[in-house]
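K.L.:
The numbering used here puts the first residue of the sequence shown at -19, with every later residue one more than the last.
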Amino acid sequence: MPRIFVSYRRADSITITGRIYDRLVAVFGEDGVFKDVEDIPFGVDFRSVIEHEIDQSEIVLVIIGPNWVTVTDTDGNRRLDNPNDFVRIEVETAIKRPT
-19 MPRIFVSYRR
-9 ADSITITGRI
1 YDRLVAVFGE
11 DGVFKDVEDI
21 PFGVDFRSVI
31 EHEIDQSEIV
41 LVIIGPNWVT
51 VTDTDGNRRL
61 DNPNDFVRIE
71 VETAIKRPT
């Protein structure tokens, strides 16, 4: 059974991602699908968990909603341009992973 990592931007696609997650869990089980809200405990180093979980996954599903690229931070800067943006970290980690 494949392990699936679900990447999404909360400000852009939290509702549809929840539906997709529920359907994936129904097919692959809770242990077969990773999503940050359900699986990262408060106070844990987010970056290390993300890197580990992506490394353990066979599939990385990136949910890209209509504002995924254009979401900004409180200063008006595009979040995707920030090297510490969690979605950017997830996508970069997945792309750099050996296949």
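Every residue, glycine too, gets a C-beta built ideally from N, C-alpha and C.
Quick caveat, the model's predicted, so the values are computed rather than measured.
Just verifying my parser: in three-state terms, what is the DSSP assignment at R58?
P.N.:
For the purposes of this step, residue 58 is taken as the residue at position 78 of the sequence shown. Of the three classes helix, strand and coil, the one that applies to R58 here is strand, per DSSP.
K.L.:
Between the region 48 to 60 and the region 11 to 29, do at least 3 Cβ pairs fall closer than 8 Å?
P.N.:
no
K.L.:
In chain order, what residues of the same chain lie with their CB nearer than 6 Å to the CB of R68, ignoring the 5 residues before and after it?
P.N.:
The count along the sequence shown starts at 1 and reaches residue 68 at position 88. For R68, where only same-chain residues beyond five positions count, the Cβ hits under 6 Å are L60.
K.L.:
Apply the 10 Å Cβ neighbour rule to D11 and answer buried if 16 or more other Cβ atoms are within range, or exposed otherwise.
P.N.:
The residue you call residue 11 lines up with position 31 of the sequence shown. It is exposed - the Cβ of D11 has fewer than 16 other Cβ atoms within 10 Å.
K.L.:
DSSP state of S37, grouped into three classes?
P.N.:
Taking the sequence shown and counting its residues from 1, the one referred to as residue 37 is at position 57. Coil.
K.L.:
Work out the CA separation of M(-19) and F66 for me, nearest whole Å.
P.N.:
Within the sequence shown, the letter at position 86 stands for residue 66. Within the sequence shown, the letter at position 1 stands for residue -19. Spanning the two alpha carbons is a distance of roughly 27 Å.
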